[in-house]
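**Q** One structure coming up, written as structure tokens, with questions to follow.
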Amino acid sequence: MFSEHNLKKLDDLGKNYPESKPLVLPALWMAQEQFGWISPEVMRYVAGLLNLPVSHVYGVVTFYTMFNTKPVGKYHLQVCTNVSCMLRGGDRLLKHVCDRLQIRKGGTTSDNRITVSEVECLGSCGTAPAVQINDDYHENLSPERLDALLNGLS
Amino acid sequence: MEEFTEKLILPGIGDLHRIGVYEKHGGYTALRKALSMKPDHVIDEVKKSNLRGRGGACFPTGFKWTFMPKQSEKPKYLCANGDESEPGTFKDRQIFEFNPHLFIEGALIAAYAMGISVVYTYVRGEYAAWIRMLQKAVDDATGRGYIGENILGSGFSTRFVVHRGAGAYICGEESALMNSLEGNRGYPRVKPPFPAQNGLWGCPTTINNIETLANIPVIISRGWEWYSKIGEPKQPGTILYGVSGHVNRPGVYELPTGTLLTDLIFRHAGGVPGNKKITAVIPGGSSTKWIRGEQLEGVRMDAESLKAVGTSIGTAGVIVMDEDTDLVSVITRIAHFYHHESCGQCTPCREGCGWLEKILQRFSAGEATAGDIDLLLDVANNIEGNTICALGEAAAWPVQSFVGLFRDELERRVRKTVPEPAYIPPPHLVSSRS
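Here the protein sequences line up with chains A and B, keeping their order.
In case it helps, our numbering puts the first sequence at residues 1 to 154.
In case it helps, our numbering puts the second sequence at residues 1001 to 1434.
What follows is the structure in structure tokens.
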């Protein structure tokens, strides 16, 4: 299932650790990059690759919030509403984007383009409020600036 | 005393993240110097400098290093903690972005001092961009022979691995971090055994914060005597203070320990928009106890001064709230965070954090009773001290301090229309039937 490139990369990473189990997070990251989300099938595959029980991989996937256990849109909008963002309008930003896209938080637009999630502190407190779109941070946002950002998405 | 204005961690030199620029400004000379010293001598310098950890617990760094066994049949590891998930904290990402080699150099000196074979830097998963920056710096340093076999001809070898987390506040707790790095759920471990005896894969391990390690090169190059005179002598040096919330210029400010909180907020962060009054300040990240606006005068950002107003420096992430803030909704949001992030191992935290959030939501919804105020304290007091790790305290402290400082705010939110039911103590407080 993994591309040759990813298999090679994983092999190289293996040299950094005394056993294969620590590769579970790197392998799941690769899987999420390649498939967009971590399906039960992917969990079985990663477990087989690293010689781990499927239950272990399932346990890891479900512990960490960044692994998507269901498909997400092409763009994953992760809106921070923790204290520093909240004090500077993070809540309003979340409501604004949900209203605009006509979805609830955690939901995906019907064209599978955008998923909106509420997330905990992104470490952007000094540039609040912040939204992470896929891997990229967008900071010091207002509803207008977020609108402009959404308009610019392909 | 003359004001110390030098920036040691973030000097603001353009392109300092490039290894050539870093070297031109004296980069990696502290590593050379350390490699010419005996490892114990390096530890001694750090110990005498009185450097304290910047991750929240303020533990003396040099002292922590002495816990590592001198002789060990097993490999020894260093974990650099870049999980940085405490709300209000955003300093380590500045180091990754603007001065990554300073951290790498500090970690290498630490590795030499303790005889470390691999340095694992654990960075929170959200920081994908900063992980790339750090990895680039690590690759550059490897290319110049600062990392790897026989570093600078010293005979000392160490490797440097950057490991990406995947979204879990608890992985900033050192034993949870180790479990996560080993490829497990990020559950904190019972201590003892302590990491220096039984850490990663059962081997001797030391865990230090990124900013802590970034302080090491300057201590080595300029000496402990010079360093220990900066700021407050009991925890000297400069700190990357993060100021957020209702201020005109939020951001990271590098200033000596013991800086006046009012200086930080008004002089550096530009005061409150619209010159509004401050009602509350969280001094060191969301887990620290609150300070009322009227208490700010004369409070310094050091352990003792903050202790006098009942709180602590934590990660030095200062969150400012103006007079228009709905304080109850803020404390409810904090309670929600800890409920969300509790790993679920210990019953008092797993259940208690949920109760704190639900009870606080009753105040926001106008459905609380007068007894709910004491119930909040009761639940918080029964989390504190009863859990494997400090997340229990992190959840309890803000609520305890909020009830202590802003009881009036809560009383105003109590439902007035129905008769007050009697307070029934929770079952664990009722003495047994014997």
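Think of the CB as a built atom: it goes at the ideal place given N, C-alpha and C, for glycine as much as any other residue.
Extract the residue ranges of the beta strand (DSSP E) inside the region 29 to 111 of chain A, only unbroken runs of 3 or more that lie entirely within it.
**A** Correct list: 75 to 80.
**Q** For a test of the three-state rule: what should DSSP assign to Y1028 of chain B, helix, strand or coil?
**A** Locating residue 1028 of chain B in the second sequence gives position 28, counting from the first residue. Coil.
**Q** Is the separation between the beta-carbon of L1181 of chain B and that of V1162 of chain B shorter than 8 angstroms?
**A** Residue mapping note: residue 1181 of chain B aligns to position 181 of the second sequence, counting from 1. Residue mapping note: residue 1162 of chain B aligns to position 162 of the second sequence, counting from 1. No, the pair does not count as a contact, with Cβ atoms beyond the cut-off.
**Q** Any C-beta of chain A sitting closer than 8 angstroms to the C-beta of F1337 of chain B?
**A** As a working mapping, residue 1337 of chain B is identified with position 337 in the second sequence. Cβ-Cβ to chain A under 8 angstroms: yes for F1337 of chain B.
**Q** Taking Cβ to Cβ, would you say C1349 of chain B is nearer than 8 angstroms to A1395 of chain B?
**A** As a position in the second sequence, residue 1349 of chain B is number 349, starting the count at 1. As a position in the second sequence, residue 1395 of chain B is number 395, starting the count at 1. Taking 8 angstroms as the Cβ cut-off, C1349 of chain B and A1395 of chain B qualify as a contacting pair.
**Q** List the residues of chain B that Q34 of chain A touches, going by C-beta distances under 9 angstroms, in chain order.
**A** By one-based count along the first sequence, residue 34 of chain A stands at place 34. Correct list: empty, because the minimum Cβ distance to chain B is about 15 angstroms.
**Q** Confirm, please, whether the CB-CB distance from I1388 of chain B to P1193 of chain B is below 8 angstroms.
**A** Counting from 1 along the second sequence, the entry for residue 1193 of chain B is found at position 193. Counting from 1 along the second sequence, the entry for residue 1388 of chain B is found at position 388. Their beta carbons are not under 8 angstroms apart, which means P1193 of chain B does not touch I1388 of chain B by this criterion.
**Q** Do I1116 of chain B and I1009 of chain B count as a contact pair if the criterion is CB distance below 8 angstroms?
**A** Counting from 1 along the second sequence, the entry for residue 1009 of chain B is found at position 9. Counting from 1 along the second sequence, the entry for residue 1116 of chain B is found at position 116. No, they are not a contact pair.
**Q** Report all residues from its chain with a CB closer than 7 angstroms to the CB of C121 of chain A; omit the five preceding and five following residues, and keep chain order.
**A** As a position in the first sequence, residue 121 of chain A is number 121, starting the count at 1. Result list for C121 of chain A: C80, N82, in chain order.
**Q** State the Cα-Cα distance for the pair G1354 of chain B and D1083 of chain B, rounded to the nearest angstrom.
**A** The residue you call residue 1354 of chain B lines up with position 354 of the second sequence. The residue you call residue 1083 of chain B lines up with position 83 of the second sequence. Roughly 24 angstroms between the two C-alpha positions.
**Q** Could you list which residues in chain A have their beta carbon closer than 7 angstroms to that of R1185 of chain B, in chain order?
**A** By 1-based counting over the second sequence, the position of residue 1185 of chain B is 185. Result: G59, V60, F63.
**Q** Report the residue ranges of all beta strand (DSSP E) runs contained in full by the region 1265 to 1331 of chain B; include only those spanning at least 3 residues, in chain order.
**A** Within the region 1265 to 1331 of chain B, the complete beta strand (DSSP E) runs of at least 3 residues are 1278 to 1282, 1317 to 1322.
**Q** Please report how far the alpha carbon of I1239 of chain B lies from the alpha carbon of R1054 of chain B, in whole angstroms.
**A** Here residue 1239 of chain B corresponds to residue number 239 of the second sequence, with the count starting at 1. Here residue 1054 of chain B corresponds to residue number 54 of the second sequence, with the count starting at 1. Taking the straight line from one Cα to the other gives about 8 angstroms.
**Q** Are the C-beta of W1397 of chain B and some C-beta of chain A separated by less than 8 angstroms?
**A** By one-based count along the second sequence, residue 1397 of chain B stands at place 397. So, not an interface residue.
**Q** Is R1300 of chain B buried or exposed, if buried means 16 or more other CB atoms sit within 10 Å of its CB?
**A** One-based indexing of the second sequence puts residue 1300 of chain B at position 300. Per the 10 Å Cβ criterion, buried.
**Q** Among the residues of its own chain, which have a CB less than 7 angstroms from the CB of S1434 of chain B, if the five just before and after it don't count?
**A** The sequence position of residue 1434 of chain B within the second sequence is 434, counting from 1. Caution applies to S1434 of chain B, whose pLDDT of 44 falls short of 50 and renders its modelled position unreliable; the value that the coordinates give is listed next. Taken in chain order, the list of residues that qualify is empty.
**Q** Under 8 angstroms between the Cβ atoms of F1160 of chain B and V1138 of chain B?
**A** Working through the second sequence from its first residue, we reach residue 1160 of chain B at position 160. Working through the second sequence from its first residue, we reach residue 1138 of chain B at position 138. For F1160 of chain B and V1138 of chain B, yes; Cβs fall inside 8 angstroms.
**Q** So that I know if they touch, is there some Cβ in chain B lying closer than 8 angstroms to that of S124 of chain A?
**A** The residue given as residue 124 of chain A occupies position 124 in the first sequence. Yes, contact with chain B.
**Q** Determine the chain A residues that contact T1325 of chain B at a beta-carbon separation under 9 angstroms, and present them in chain order.
**A** In the second sequence, the residue the question calls residue 1325 of chain B occupies position 325. Here the neighbours are L87.
**Q** Is it right to say E1341 of chain B is buried, meaning 16 or more other beta carbons lie within 10 angstroms of its own, or is it exposed?
**A** Walking along the second sequence from the start, residue 1341 of chain B turns up at place 341. By the neighbour-count rule (16 or more Cβ atoms within 10 Å), E1341 of chain B is buried.
**Q** Are A1380 of chain B and V1414 of chain B closer than 8 angstroms when you measure CB to CB?
**A** Taking the first residue of the second sequence as 1, we reach residue 1380 of chain B at position 380. Taking the first residue of the second sequence as 1, we reach residue 1414 of chain B at position 414. For A1380 of chain B and V1414 of chain B, no; Cβs fall outside 8 angstroms.
**Q** I'd like the list of long-range same chain contacts for G1186 of chain B, defined as Cβ closer than 6 angstroms, with 5 residues on each side in sequence excluded.
**A** Start at 1 with the first residue of the second sequence, and residue 1186 of chain B comes out as number 186. Here the set comprises A1168, I1170, C1171, A1176, N1179, S1180.
**Q** Mapping DSSP to helix, strand and coil, what is Y1241 of chain B?
**A** Sequence index remark: in the second sequence, residue 1241 of chain B carries index 241 (1-based). Y1241 of chain B: strand per DSSP, three-state reduction.
**Q** Take N1050 of chain B and list the residues in its own chain whose beta-carbon comes closer than 6 angstroms to its own, dropping the five residues that flank it on each side.
**A** If you number the second sequence from 1, residue 1050 of chain B lands on position 50. Once the five neighbours on either side are set aside, the close Cβ partners of N1050 of chain B are S1228, P1236.
**Q** Can you give the Cα-Cα distance for Y17 of chain A and T1205 of chain B, rounded to whole angstroms?
**A** For this step, residue 17 of chain A is matched to residue 17 along the first sequence. For this step, residue 1205 of chain B is matched to residue 205 along the second sequence. In a straight line, the C-alpha of Y17 of chain A is about 14 angstroms away from that of T1205 of chain B.
**Q** Starting from D1139 of chain B and walking both ways along the alpha helix (DSSP H), at which residues does that stretch end?
**A** Looking up residue 1139 of chain B in the second sequence gives position 139. Segment 1128 to 1143, the alpha helix (DSSP H) holding D1139 of chain B.
**Q** If you reduce the DSSP assignment to three classes, tell me which class Y1227 of chain B lands in.
**A** Counting from one through the second sequence, the residue named residue 1227 of chain B turns up at place 227. Of the three classes helix, strand and coil, the one that applies to Y1227 of chain B here is helix, per DSSP.
**Q** Write down every uninterrupted run of the beta strand (DSSP E) in the region 1065 to 1093 of chain B whose length is 3 residues or greater and which is fully enclosed by it, in chain order.
**A** Whole beta strand (DSSP E) segments, 3+ residues: 1077 to 1082.
**Q** Can you name the start and end residues of the beta strand (DSSP E) that R1164 of chain B belongs to?
**A** Taking the second sequence and counting its residues from 1, the one referred to as residue 1164 of chain B is at position 164. Start and end: 1159 to 1164.
**Q** Counting only beta-carbon atoms, is Y45 of chain A nearer than 8 angstroms to chain B?
**A** Within the first sequence, numbered from 1, the residue matching residue 45 of chain A stands at position 45. Output row for Y45 of chain A: interface = no.
**Q** Which one or two residues does DSSP pair with G1148 of chain B in a beta bridge?
**A** Position 148 of the second sequence holds residue 1148 of chain B. Beta-bridge pairing links G1148 of chain B to B:T1158.
**Q** So, helix, strand or coil for V1042 of chain B, using DSSP?
**A** As a working note, residue 1042 of chain B is residue 42 in the second sequence. Here V1042 of chain B sits in helix by DSSP.
**Q** From the beta carbon of K9 of chain A, is the nearest beta carbon of chain B less than 8 angstroms away?
**A** For the purposes of this step, residue 9 of chain A is identified with residue 9 of the first sequence, where counting begins at 1. With 8 angstroms as the cut-off, K9 of chain A does not count as an interface residue toward chain B.
**Q** Taking DSSP's pairing of strands, which residues face N1209 of chain B in a bridge?
**A** Position 209 of the second sequence, counted from the first residue, corresponds to residue 1209 of chain B. According to DSSP, which records beta bridges pairwise, N1209 of chain B is partnered with B:N1081.
**Q** Where does the unbroken alpha helix (DSSP H) through S1180 of chain B begin, and where does it stop?
**A** Residue 1180 of chain B sits at position 180 when you count from the first residue of the second sequence. Its alpha helix (DSSP H) spans residues 1174 to 1181.
**Q** Leaving aside the five residues before and after K1276 of chain B along the sequence, list all residues of the same chain whose C-beta is less than 6 angstroms from its C-beta, in chain order.
**A** Mapped onto the second sequence, residue 1276 of chain B falls at position 276. Hits under 6 angstroms: D1322, E1323.
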